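*Asks:*
Residue numbers (this note's numbering), protein chains in the order written: chain L, 11 to 656; chain B, 1159 to 1411; chain E, 20 to 252.
Structure follows, in structure tokens:
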């Protein structure tokens, strides 16, 4: 059995959460006033948590690096949010949502966490409606639903193609109400640069004011990290430019375990890279695959002509088009899960059938659905996405097929947390994308928003009380304590070190190099040789970075390059850990595909016998190899089966 | 198809090291920009060059680079978010420019949006307006079922139209009066259209307008420029609704 | 209602601009209708009868100070609003292309209004000052048959027609005044409805069309009079 204490309550699956809630401690209103909580990051998880904790009466300090909490990257989520409401009377249930999520995650997540997620999901919808989130409605005034990839029911709630934006603005408004009341103090344009651990407990953070450059400590009885994912390790991703895993990485370096770092999601429908000047990738909603057909040419010479720009897609006759998803997966066709669709596109492009000048793109063609449904229907469904595509690429997707290619999108891995969402450092919590907990090896569409808000509104506000109930006698945290002073010194020292290297290459150079290693060797398919190459290469890159990076500007002024330098320094180290984790996990599951673990037909092959565990990586010091702890995953309510979409 | 390359461009840009210091325009040359690049990628390349030349790169706000976070700003060639409609600066592409162009880039100009550095302005005023009432006063939990209050399709759609505001500030930047009416109207109108928000609609309209005035934004003279430069095309009919809400609130006092 | 805050609030100020603006538009409609009588009867009787009616009707007499107040509020408030709006942008743009997103009139209401005000001053000096205060030999009383009854009244027609007949410059100034007023109203009319909140997506287009029609009517209605005298005499 696992030696790891994950605090999962005993008893039947459906009763675990209720039982746990009645068992955990509660803090009285009078005592809540005396307790300080820091929330870092104000996306869906952070904003909802900060607002809810403020409402409960805690003194909350919330931090974000943007100029407003409303800018967090949760805002970019397009498609929707799942909830087991069963409004459509299509036999949806908490168990079905739980089962879909566990299966979609390729059986690499905890049953109890996922069940709780499904259980609280209906409450999220109610909460958001009450906040004034303008969800899509039927003419009768009830909430509308759409269906999403990988499931058999319609349980996705949405607000046009801007669901993430609307949910975030809902949480943001709740947060604003608390800020106005004074229960939450908001620090914008502040970046967390360290977590302070005192007597074995998280007691605060060190931040840098990104406008003035001031490095300052903030003390609290508990620290909540809600800083999102680390997709930007790959340089090119659908994440925002500022998204970074640094906060989580600082926690890791202070002893918090990092769970499943190699599990990242690659989204199949992004606009392809246009060239070396590219800074970031744009996602096209997964919903497009409902009506678009994916294809590449059958003949290599056609592909070559397309790559040279000698012919266009419409010059290729019907019989010379290879609808490879429909060919390989007749039963799911274009609607196979994200990881499968991504790998299939890569396979075709690697074989030389890519369709743009870089050879790294496939077509997503709406011609057939326009013929079938008429242009107006397609316009109503995807008008805004088509417009966005045209703005970026200057081609009209009503006339020519879209070009798409997979891109890094989401990180399922993150800080290891127990059932209470607390890391192995007491008083340090991780919620939303920043933790590893609910999506296993692959996240289902429309589940990220659900998890962020579930954690922030309905889980953390309960579970944090269990810890804080024992802290009511702890006075205000003194930020003059030596632990804080040391942390401040370390942070300033590191910034000065970065600043004083005065090398020859800008930060982005290193970030791009890192991105190449990651995408080439720790990307859509991985093997032992490549991963080792990545580890060695990135280690060398790290040395070069610390010798040759050039940070311009001033220390004590707004300095985006200095901010980036710190983040990239962390990302380099993170990249190494991701590769190490991927190397350890010699199986293919979800977004993690090892060439060594494939069926004869090239499909992913999971190895339940050897890898049914959460990898919990423990930092052992600079330049020392981390230690792998394993939390065994126990499945009592679902049967592990090999996913098949044939 | 490979994109065309712009061999040379001149970038005339506002440089200001800090809020207190005086700013000035500087012009930089930049070469070999693909027309397929975004405007911000062009600035990335310019910054890369400045850094390698030992100069301070141009500071500008940006984050999601897909037109939804509202972080990017920039007044480009005399227009908020540059010479295109229904986009943010991050969605502006270099194919909108020609060989040899001089591109003028300025920060949002408004007394309520002071410059922090170069092209970055402080939009905290928008936050303060939201704190004044941009919410429905409900706590987490204890909420009736989402379907308990039906909301008509058209009302939901109109609320969504208003709610799509990304808070970028283009309305203020483009308005000849630096008025924040469209921004305030978007929130007031969204919540006024929904039964959940209707309960405290009067209080909200009063408080948000009072805060907007206090922060030194200009008044609305209905030129309609904000609507046309708004990346999300938020209609000024929402301003009419704000006026209605505000006047009824005031007359019922 | 807390009046202080409403008077100084941005929407409050605009509310008064709108109400007074709409009130002034109704006045101008009446004024223009009477003026147009100048060109339909070269004997001047029609115009004189109407002018006499306006000068003697008690209701109109009561409205006169209200009208003056309307003008005053409209002018004073516009100054306040303009100063406030200019203060909102202490540092301007080096390059701003506004023609792509708004009409010239909408951006220049203060200038248009100011020019209309200058014109109004001249206009008041030409006629109101002479009729009401100092008098003029041209205004010598005449007798007009009104409803079969001979009625004695001032010959306002002579005063007006003489001005236009004798001076091309005045004609041009009055034509310009009419056009400026028309432009002012093309934005002012629909803007007023927007400000008092009586606008929505559907009515907006209607108000917009209506504003343009009224603006054009004012511009044409007022300029056609001096034009008539210029061409005919």
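Glycine residues also receive a C-beta, built at the ideal position from the N, C-alpha and C atoms. Just so we're clear, the structure is a prediction, and the values are computed from it rather than from any experiment.
(1) Residue 112(E) touches chain B at which residues, Cβ-Cβ below 8 Å?
(2) Does DSSP classify residue 110(E) as helix, strand or coil?
(3) Residue 473(L) to residue 45(L), Cα distance in whole Å?
(4) Would you say residue 223(E) lies against chain B (beta-carbon separation less than 8 Å)?
(5) Within this structure, are the beta carbons of residue 244(L) and residue 529(L) separated by less than 8 Å?
(6) Thinking just about the alpha-carbon of each residue, which of 494(L), 297(L) and 80(L) is nearest to the one in residue 209(L)?
(7) Could you give the C-beta distance for residue 580(L) and residue 259(L), rounded to a whole number, given that I count them as a contact under 8 Å?
(8) Would you please verify whether the beta carbon of residue 1369(B) is less than 8 Å from any beta carbon of chain L?
(9) Using the beta-carbon count (16 or more within 10 Å), is residue 20(E) buried or exposed?
(10) According to DSSP, is residue 628(L) part of a helix, a strand, or is it coil?
(11) Is any beta-carbon of chain B found at less than 8 Å from that of residue 28(L)?
(12) Which residues, taken in chain order from the segment 280-305 of chain L, show a beta carbon closer than 8 Å to some beta carbon of chain B?
(13) In this structure, does DSSP put residue 105(E) in helix, strand or coil?
(14) Quick check on residue 1256(B) - is its C-beta less than 8 Å from some C-beta in chain L?
(15) Please tell me whether residue 445(L) and residue 114(L) are closer than 8 Å, where the distance is taken between their beta carbons.
(16) Taking 8 Å as the threshold (C-beta atoms), are residue 248(L) and residue 292(L) in contact?
(17) Counting only runs of 3+ residues fully inside the segment 1163-1210 of chain B, write out the beta strand (DSSP E) ranges in chain order.
(18) Name the one or two DSSP bridge partners that residue 164(E) has.
(19) So what's residue 1297(B) in DSSP terms, helix, strand or just coil?
(20) What's the C-alpha gap between residue 1382(B) and residue 1336(B)?
(21) Hey, how far is the Cα of residue 467(L) from the Cα of residue 136(L)?
(22) Establish whether the CB of residue 1179(B) and some CB of chain E are separated by less than 8 Å.
(23) Going by DSSP, name the residue or residues bridged to residue 340(L).
(24) For residue 22(E), which residues in the same chain have their Cβ closer than 8 Å to its Cβ, ignoring the five residues on either side in sequence?
(25) Please name the residue in 522(L), 545(L), 519(L) and 520(L) whose C-alpha comes closest to that of residue 531(L).
(26) Cutting at 6 Å between CB atoms, please list the residues of its own chain near residue 12(L), excluding the five before and the five after it.
(27) With DSSP as the reference, label residue 252(E) as helix, strand or coil.
(28) Going by the beta-carbon positions, is the gap between residue 1169(B) and residue 1185(B) smaller than 8 Å?
(29) Pair every Cβ in the segment 48-57 of chain L with every Cβ in the segment 175-186 of chain L, then say whether three or more of these pairs are closer than 8 Å.
(30) Based on the DSSP output, what are the partners of residue 305(L) in its beta bridges?
(31) Quick one: what does DSSP say residue 68(L) is sitting in, helix, strand or coil?
(32) Can you give me, in chain order, the residues of the segment 168-200 of chain L that have a beta carbon less than 7 Å from any beta carbon in chain B?
(33) Excluding five sequence neighbours on each side, which residues of the same chain lie with their C-beta closer than 8 Å to the C-beta of residue 571(L)?
(34) Can you have a look at residue 613(L) and say buried or exposed, based on whether 16 or more other CB atoms are within 10 angstroms of its CB?
(35) Could you spell out where the beta strand (DSSP E) holding residue 438(L) opens and where it closes?
(36) Do residue 87(L) and residue 459(L) have their C-beta atoms within less than 8 Å of each other?
*Replies:* If we stick to the structure as given:
(1) Counted from its first residue, the third chain places residue 112(E) at position 93. Neighbours of residue 112(E) on chain B, chain order: 1233, 1236, 1264 and 1267.
(2) By 1-based counting over the third chain, the position of residue 110(E) is 91. In this structure, residue 110(E) counts as coil in the three-state DSSP scheme.
(3) On the first chain, residue 473(L) is found 463 positions in, with the first residue counted as 1. On the first chain, residue 45(L) is found 35 positions in, with the first residue counted as 1. In a straight line, the C-alpha of residue 473(L) is about 15 Å away from that of residue 45(L).
(4) Mapped onto the third chain, residue 223(E) falls at position 204. Closer than 8 Å to some Cβ of chain B, the Cβ of residue 223(E) qualifies, so yes.
(5) As a working note, residue 244(L) is residue 234 in the first chain. As a working note, residue 529(L) is residue 519 in the first chain. Yes, Cβ-Cβ distance for residue 244(L) and residue 529(L) is below 8 Å.
(6) In the first chain, residue 209(L) corresponds to position 199, counting from 1. It is 494(L) whose Cα lies nearest to the Cα of residue 209(L).
(7) Counted from its first residue, the first chain places residue 580(L) at position 570. Counted from its first residue, the first chain places residue 259(L) at position 249. Right, their Cβ atoms sit about 4 Å apart.
(8) Start at 1 with the first residue of the second chain, and residue 1369(B) comes out as number 211. With 8 Å as the cut-off, residue 1369(B) does not count as an interface residue toward chain L.
(9) On the third chain, position 1 is the one that residue 20(E) refers to. For residue 20(E), the predicted model reports a pLDDT of 45, less than 50, meaning its position is unreliable and no value from the coordinates is stated.
(10) Translated into positions along the first chain, residue 628(L) becomes position 618. Three-state result, residue 628(L): strand.
(11) Position 18 of the first chain, counting from 1, holds the residue named residue 28(L). Output row for residue 28(L): interface = no.
(12) 284, 285, 287, 288, 289, 290, 292 and 293
(13) Translated into the one-based positions of the third chain, residue 105(E) becomes position 86. Helix at residue 105(E).
(14) Indexing the second chain from 1 puts residue 1256(B) at position 98. Using a Cβ-Cβ cut-off of 8 Å, residue 1256(B) does not count as an interface residue toward chain L, since no Cβ of chain L sits closer than that to its own.
(15) For the purposes of this step, residue 445(L) is identified with residue 435 of the first chain, where counting begins at 1. For the purposes of this step, residue 114(L) is identified with residue 104 of the first chain, where counting begins at 1. Not in contact: residue 445(L) and residue 114(L) (Cβ atoms no closer than 8 Å).
(16) Walking along the first chain from the start, residue 292(L) turns up at place 282. Walking along the first chain from the start, residue 248(L) turns up at place 238. It is a contact, given that the beta carbons lie within the stated cut-off.
(17) If only uninterrupted beta strand (DSSP E) runs of at least 3 residues are considered, those enclosed by the segment 1163-1210 of chain B are 1163-1173 and 1182-1192.
(18) Working through the third chain from its first residue, we reach residue 164(E) at position 145. BP columns for residue 164(E) point to 169(E).
(19) Looking up residue 1297(B) in the second chain gives position 139. Collapsing the DSSP output to three states places residue 1297(B) in coil.
(20) Residue mapping note: residue 1382(B) aligns to position 224 of the second chain, counting from 1. Residue mapping note: residue 1336(B) aligns to position 178 of the second chain, counting from 1. Going by the C-alpha atoms only, they are around 13 Å apart.
(21) As a first step, residue 467(L) must be located in the first chain, where it is residue number 457. As a first step, residue 136(L) must be located in the first chain, where it is residue number 126. Approximately 12 Å, taken between the alpha carbons.
(22) In the second chain, the residue the question calls residue 1179(B) occupies position 21. Chain E contact via Cβ: absent.
(23) Position 330 of the first chain holds residue 340(L). Paired residue(s): none; residue 340(L) is not in a bridge.
(24) Translated into the one-based positions of the third chain, residue 22(E) becomes position 3. Residue placement at residue 22(E) is poorly supported in this model, since its pLDDT is 47, which falls under 50; the coordinates still yield a value, given next. Result list for residue 22(E): empty, nothing under 8 Å.
(25) Taking the first chain and counting its residues from 1, the one referred to as residue 531(L) is at position 521. It is 545(L) whose Cα lies nearest to the Cα of residue 531(L).
(26) Position 2 of the first chain, counting from 1, holds the residue named residue 12(L). Bear in mind that a pLDDT of 46 at residue 12(L), under 50, signals an unreliable position, so the model cannot answer this.
(27) What you label residue 252(E) is simply residue 233 of the third chain in a count that begins at 1. Reduced to three states, the DSSP call for residue 252(E) is coil.
(28) Here residue 1169(B) refers to the residue found at position 11 of the second chain. Here residue 1185(B) refers to the residue found at position 27 of the second chain. Closer than 8 Å, so yes.
(29) yes
(30) Here the question's residue 305(L) lines up with position 295 in the first chain. Note: residue 305(L) sits in a beta bridge opposite 373(L).
(31) By 1-based counting over the first chain, the position of residue 68(L) is 58. In the structure shown, residue 68(L) sits in coil (DSSP, three-state: anything other than H, G, I, E or B).
(32) 169, 170, 172, 175, 176, 179, 183, 184, 186, 187, 189 and 190
(33) Start at 1 with the first residue of the first chain, and residue 571(L) comes out as number 561. So the qualifying residues of the chain are 516, 517, 561, 562 and 563.
(34) Working through the first chain from its first residue, we reach residue 613(L) at position 603. Label assigned to residue 613(L): buried.
(35) Working through the first chain from its first residue, we reach residue 438(L) at position 428. Its beta strand (DSSP E) spans residues 438-440.
(36) On the first chain, position 77 is the one that residue 87(L) refers to. On the first chain, position 449 is the one that residue 459(L) refers to. Yes, they are a contact pair.
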